[in-house]
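Below: one structure, written as structure tokens.
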Amino acid sequence: MGVDILTILRRHGRVHGLIGPFVAPKLTPDTWEPFCEWLDAGLAGDMVYLNRRRNERRDVRCLNPRARSLVVYALPYSGAPPGTETVHSGLLSAHATGEDYHHRCRNALEKVVEALRTELRTHVEGWIHVDTAPILERDFARQAGLGWVGKNTLLINPDLGSRFHICEIALPFDLPATPVVVPDGCGACTRCLDSCPTGALVAPRVLDARRCFSYLTIEYKGSIPRELRPVLGTRIFGCDTCQDVCPWNQKATVRSFSDAETLAMDAVDILDLDQGGFRTRFRNTPFERTGRTRLIRNTAVVAGNLKTQKATDSLLRLLKDTEPLLREHAAWALARVRGREAAESIRVAYEKETDARTRSDMALSLRDARET
Ligand code: SF4
Ligand code: SF4
Numbered sequence: 003m004g005v006d007i008l009t010i011l012r013r014h015g016r017v018h019g020l021i022g023p024f025v026a027p028k029l030t031p032d033t034w035e036p037f038c039e040w041l042d043a044g045l046a047g048d049m050v051y052l053n054r055r056r057n058e059r060r061d062v063r064c065l066n067p068r069a070r071s072l073v074v075y076a077l078p079y080s081g082a083p084p085g086t087e088t089v090h091s092g093l094l095s096a097h098a099t100g101e102d103y104h105h106r107c108r109n110a111l112e113k114v115v116e117a118l119r120t121e122l123r124t125h126v127e128g129w130i131h132v133d134t135a136p137i138l139e140r141d142f143a144r145q146a147g148l149g150w151v152g153k154n155t156l157l158i159n160p161d162l163g164s165r166f167h168i169c170e171i172a173l174p175f176d177l178p179a180t181p182v183v184v185p186d187g188c189g190a191c192t193r194c195l196d197s198c199p200t201g202a203l204v205a206p207r208v209l210d211a212r213r214c215f216s217y218l219t220i221e222y223k224g225s226i227p228r229e230l231r232p233v234l235g236t237r238i239f240g241c242d243t244c245q246d247v248c249p250w251n252q253k254a255t256v257r258s259f260s261d262a263e264t265l266a267m268d269a270v271d272i273l274d275l276d277q278g279g280f281r282t283r284f285r286n287t288p289f290e291r292t293g294r295t296r297l298i299r300n301t302a303v304v305a306g307n308l309k310t311q312k313a314t315d316s317l318l319r320l321l322k323d324t325e326p327l328l329r330e331h332a333a334w335a336l337a338r339v340r341g342r343e344a345a346e347s348i349r350v351a352y353e354k355e356t357d358a359r360t361r362s363d364m365a366l367s368l369r370d371a372r373e374t
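Number 374 marks the last residue of the sequence shown (this note's numbering); no jumps.
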């Protein structure tokens with residue numbers, strides 16, 4: 003029975019762009035304790051949801067009590083090299099182009115489960131997980147033979163590199179495991195650690211999320227640390243540096259989705275979006291989950307780094323936004339873009355500011371503007 007099911011899973015997975023199935027040999031991760039140590043060291047930043055559900059991550063059956071097997075798939079993605087951006091553009095992480103990958107993966111897995119039901123002519127329970135469930139997905143993917151954990155903390159497959167999403171189906175029957183252990187391909191390489199702009203990779207395979215631009219631009223709801231804002235460069239959403247430099251991505255042979263997808267976004271366009279405009283433009287995209295405030299916060303920093311004169315009017319409007327976070331980052335960006343010319347506008351905003359945190363950050367921006 004197991005072999006037939008694997009064949010069905012492989013055939014229908016392929017139809018929907020999935021690579022697999024890879025079947026984990028057990029339903030308990032090998033790295034739960036190191037994961038807890040990482041949380042306890044505070045390296046997860048404000049991702050409190052990881053801590054709240056840490057115990058559920060001990061065993062897939064905490065979440066799906068009737069599960070007997072965990073089937074892992076990879077959904078590859080690729081992005082075009084920057085080529086269409088103008089000086090007013092910002093960069094997106096390659097994983098963020100197109101439809102939200104949570105939807106893409108879930109839709110594909112639902113079709114696989116449906117196909118399984120049709121071919122087996124019976125109702126089969128299949129619990130689908132894409133990124134958001136309390137499951138140590140990377141651990142199970144490694145156990146199942148999808149790849150090894152690189153020094154950049156990402157799972158690397160010899161053919162795919164690291165540009166793929168991991169998604170799973172828990173099933174209520176035993177399947178033969180596919181634990182072809184993929185040997186560590188990092189060797190003596192340290193390119194990712196050497197290239198990280200913030201030193202967020204504090205040791206091989208150890209990420210300090212608080213310094214990582216992927217976390218700071220996507221997950222983190224607060225103020226981007228001032229000392230990291232100039233380092234953010236043109237990254238509007240996510241960061242691919244530790245993947246771009248990885249030799250396994252440079253020689254990856256399996257890609258999917260259009261290579262023509264752009265990795266650039268016009269910063270000035272983004273700054274002008276109100277809530278309604280944001281919803282219309284970004285429905286079903288990864289930006290929808292992150293929301294307007296965080297996306298515009300990031301974009302303001304990028305506009306400041308690009309010294310985009312065209313962004314001046316938009317930034318002046320943002321100084322009066324209802325979100326303190328945006329007023330703060332707009333002031334910072336204006337000081338960079340217009341220097342002394344922006345000092346009076348920042349001063350007026352500072353005088354009116356009622357949020358204590360924003361006010362103290364604005365004071366620094368006002369000082370910077372005056373000193374320019
Ligand atoms: S995503 Fe960027 S900031 Fe985060 S570890 Fe990789 S290179 Fe560093
Ligand atoms: S850049 Fe080098 S060290 Fe880093 S994940 Fe890739 S192969 Fe491993």
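Every residue gets a Cβ at the ideal spot worked out from N, C-alpha and C, and that includes glycine.
Just so we're clear, the structure is a prediction, and the values are computed from it rather than from any experiment.
- Message: Nearer than 6 Å: is that true of the beta carbon of Asn154 relative to any heavy atom of ligand 2?
- Response: yes
- Quick one, which of Tyr217, Arg369, Gly306, Ser362 has its alpha-carbon nearest Arg340's? Gly306
- Query: Is the beta carbon of Phe215 within less than 6 Å of some heavy atom of ligand 1?
  - Reply: yes
- Task: Would you list, in sequence order, the uninterrupted alpha helix (DSSP H) runs of no fewer than 4 residues that lie entirely inside the segment 152–217?
- Result: For the segment 152–217, whole alpha helix (DSSP H) runs of length 4 or above, ordered along the chain, are 193–197.
- Query: Under the DSSP definition of a beta bridge, which residues are partnered with Ala344?
  - Reply: In DSSP, Ala344 forms no bridge with anything.
- Which of the three DSSP states, helix, strand or coil, is assigned to Ala254? Reduced to three states, the DSSP call for Ala254 is coil.
- Tell me, please, whether the segment 289–307 touches the segment 218–229 by the rule of three or more beta-carbon pairs shorter than 8 Å. yes
- Message: Measuring only the C-alpha atoms, how far is Val126 from Val115?
- Response: 8 Å
- Task: Give me the Cβ distance between Ala351 and Thr301, rounded to the nearest whole Å; I'm assuming they're in contact under 8 Å.
- Result: That pair is no contact at about 18 Å.
- Query: For the beta strand (DSSP E) that contains Ile298, what are its first and last residues?
  - Reply: Looking at the DSSP string, Ile298 is not in any beta strand (DSSP E); the run it does join, the alpha helix (DSSP H), is 288–308.
- Which residues share a DSSP beta bridge with Ile21? Ala76
- Identify whether Met364 lies in helix, strand or coil by the three-state DSSP scheme. helix
- Does any heavy atom of ligand 1 sit closer than 6 Å to the C-beta of Ala211? no
- Regarding Cys191 and ligand 1, is the C-beta to nearest heavy atom distance less than 6 Å? no
- Query: What are the boundary residues of the beta strand (DSSP E) that includes His97?
  - Reply: From DSSP, His97 is part of no beta strand (DSSP E); its letter is neither H nor E.
- Query: What residue does the alpha helix (DSSP H) around Ile220 start on, and which one ends it?
  - Reply: No alpha helix (DSSP H) holds Ile220; DSSP gives it neither H nor E.
- Determine which residues share a DSSP beta bridge with Phe239 and list them. Leu94
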